[in-house]
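Residue 604 in the numbering used here sits at position 426 of the sequence shown, with consecutive numbering throughout.
Report on the structure given below.
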Amino acid sequence: MQYPEKVQEFLEEVNGQIGYGPMRAAIDEELAAHIEDKTELYREYGLEEEEAVSRAVRDMGDATQIGIQMNEAHHTRLCWPLLGIALMLLIIGILGNLRCSFKGSWKMDFLISKNLYVFPGILALFVSIWFGYPFIIRHVKKLCFGYVGLCVGALVLRLCGSVFYVNVLVENPRGGIALLRYFYSLTVCYGLMLLAVPVLAVVAYGQRHKGVRGIVYTGLFVAVILSLEGVQVRGRYPYMAVLAVLITFLAVMLYMAFHGYLNLPVKKSIPVSVAIFLVLLLGWGAFQGYGNLAREAGQFFAPERYAYSTWSDAYDSLLIRELLGSARIVGEVKLSQEELFDYGTGEWYYGEEGEGIWQREGMTLEDNKAYWQQFFTVDTVTLEDVLPQFYPINYRIADWILSYGWFPGIFLLGLVLVFGVLLAGISFKIRNRLGKLVAFAGSICLLLQILFYVLGNFGFRFGWFGSLPLVSEGMVSGVVNAILLGLVLSVYRYDLVTKEGL
């Protein structure tokens, strides 16, 4: 827009103090409107146009000071403490994977390959920080429809994989088709479920003026997502991701109710939100089978009832609890070779003096001991032979406590908890209501994963192990968690320079 020369000079001096370029046009428009109002007032007093403009500009004050004040009110920012701890956790995760990569032939290929997922995760983190929230504001409808399309595409690939699995896998059990089926039915499913969280927040905010219908529509969106993913995978693998979506749905609706986002009184919006959450939860439970969920809950609260062999997850929980009781303040847990051997073979729990009852069909306890003696003996057994399979991924915190001592383990746990506290607090520093909701939903999802992972590392495990964001390998979920964190930081970054949207 063309302004009078004096006005243009004033605006250029103001713009020289504005760090975020895209805000300059909006600030120019706002200041020019003030100048125009004052100019009009001077015209009414009978001043000539040039003199009226000159006095209006003079009345605005010092352009440099105004520019500084505008820059303080409208600038991008980063939550450096949260980003710094996130990068520390990423480095710890990479170093931990590399450490474990040199402890056995199978671990070399497995864990080095897992490190490859860290670098796309780092890229996704910074791309999300710089472009995430502006993308949501500009393409909100495309985001929602695009996400559903992504889920449908994954479902089609899953169904195609099932067809090939039946036709091809019988003759070629180690062929690539089996890997394709596993990849799409498990890994992508888990990642897509986590990615539903920011989309859920956008959908809920878009329906905020529709009263009860808005809450119902948001619940229907969640039901569609759960049904699409439920067709792909039925079993305990996505439990953590499903719970993250369901609990985030309830938290988002309650947050909107208490903060006046909904076009409903609080006394009505809360019961409706809770009722829809319970319907979704019970529907998911019916699909999965209440017996399966009861067994998972039983393994969480009383693993001794389900520890039927050394191959069971419940046994891993009992083993971790037992070993943590022997951990030292600093240094590796001190156990004799005989004790390590008994832990490695399961003799400590299923032997003559043990408490457990071996119930694995097709394999006796003696068969199990013979199997493990292929890999170690009393003289060669180490702590790594004793820990649960995939312990560097699923038991990273417990591994630190047992390998280095309580002090280093608590240091890692403390970093994770500080990360969680900063993550929880960032949403309350955001003014933009849509942004606040997106950041709140992303934070809830990440915090739930941290909570379940930490509980699992102390012997309280529910469902298939999830990942510890930024630290433990998570394949696709690792990249998705980086996107979620990036979106939270992106909302905070652009909060002072972005309008609400929608």
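Quick reminder that beta carbons are idealized off the backbone N, C-alpha and C, glycines included.
The beta carbons of LEU591 and ILE604 sit about 21 Å from each other, so the pair does not count as a contact at 8 Å. Take TRP550, set aside five residues on each side of it, and the residues of its chain with a beta-carbon closer than 7 Å to its own are GLY522 and THR523, in chain order.
Note on the region 414–474: whole alpha helix (DSSP H) runs with a minimum of 4 residues are 417–436 and 444–466, in chain order. Taken atom to atom, the span from the alpha-carbon of GLU539 to that of PRO298 is near 42 Å. Scanning its chain for C-beta atoms nearer than 6 Å, with the 5 sequence neighbours on each side dropped, one finds around ASP563 the residues GLY522 and PHE554, in chain order. Cα atoms of PRO376 and VAL400: separation of roughly 12 Å, rounded to the nearest angstrom. GLY583 has its alpha-carbon roughly 10 Å from the corresponding atom of LYS512. Here THR558 is exposed. Its C-beta has fewer than 16 other C-beta atoms within 10 Å. Residue ranges of uninterrupted alpha helix (DSSP H) with 4 or more members, entirely inside the region 507–554 and ordered along the chain, are 515–523, 525–528 and 543–550. The beta carbon of GLU474 is closer than 8 Å to those of ARG414, TYR417, PHE640 and GLY641 in its chain, skipping five residues each way along the sequence. Separation of the CB atoms of VAL305 and GLY664 is rounded to 7 Å, and the pair is thereby assigned contact status at 8 Å. Segment contact: the region 607–616 against the region 370–388, three or more CB-CB distances shorter than 8 Å; contact assigned.
In this structure, DSSP gives VAL556 a state outside helix and strand, which the three-state scheme calls coil. Under the three-state reduction of DSSP, ALA505 is assigned to coil, being neither helix nor strand. Distance from the CA of LEU625 to the CA of MET371, rounded to the nearest whole angstrom, comes to 15 Å. The Cβ atoms of GLY476 and TYR484 sit closer than 8 Å to each other. According to the DSSP assignment, LEU646 belongs to no alpha helix (DSSP H), since it is labelled neither H nor E. Within the region 612–676, the runs of alpha helix (DSSP H) that reach at least 4 residues and sit entirely inside it are, in chain order, 654–672. By the neighbour-count criterion, in which a residue is buried when 16 or more other Cβ atoms sit within 10 angstroms of its Cβ, THR542 is exposed. Only residues of its own chain outside the window of five on either side were considered, and among them ILE314, VAL377 and VAL380 have a CB closer than 7 Å to the CB of LEU321, listed in chain order.
According to the DSSP assignment, ILE315 belongs to the alpha helix (DSSP H) that extends over 296–316. Going by beta carbons, ALA302 and ALA660 fall inside the 8 Å limit. The beta carbons of LEU209 and LEU593 sit about 45 Å from each other, so the pair does not count as a contact at 8 Å. Per the C-alpha coordinates, the member of SER487, GLU517, VAL596 and PRO647 positioned closest to ASN546 is SER487.
Boundaries cannot be given for GLY224, as no alpha helix (DSSP H) includes it and DSSP labels it neither H nor E. In the three-state reduction of the DSSP assignment, ARG255 falls in the coil class. By the Cβ neighbour-count rule, GLN627 is buried, with 16 or more other Cβ atoms within 10 Å of its own.
In the structure shown, GLY389 adopts coil according to DSSP, grouped into three states. Classified as buried, GLY392 has 16 or more neighbouring CB atoms from the shown chains inside 10 Å of its CB. Check the Cα spacing between LYS184 and each of GLU227, LEU496, ILE454 and ASN441: the tightest is with GLU227.
Distance from TYR672 to CYS257 at the Cβ level is roughly 12 Å; contact not present, criterion being Cβ atoms closer than 8 Å. For the options LEU667, SER668, PRO647 and GLY310, the alpha carbon positioned closest to that of ILE269 is the one of PRO647. By the neighbour-count criterion, in which 16 or more other beta carbons inside 10 Å mark a residue as buried, SER451 falls on the buried side. Where LYS184 is concerned, the enclosing alpha helix (DSSP H) starts and stops at 183–193.
Only residues of its own chain outside the window of five on either side were considered, and among them LEU502, ALA505 and GLY587 have a CB closer than 7 Å to the CB of ILE579, listed in chain order.
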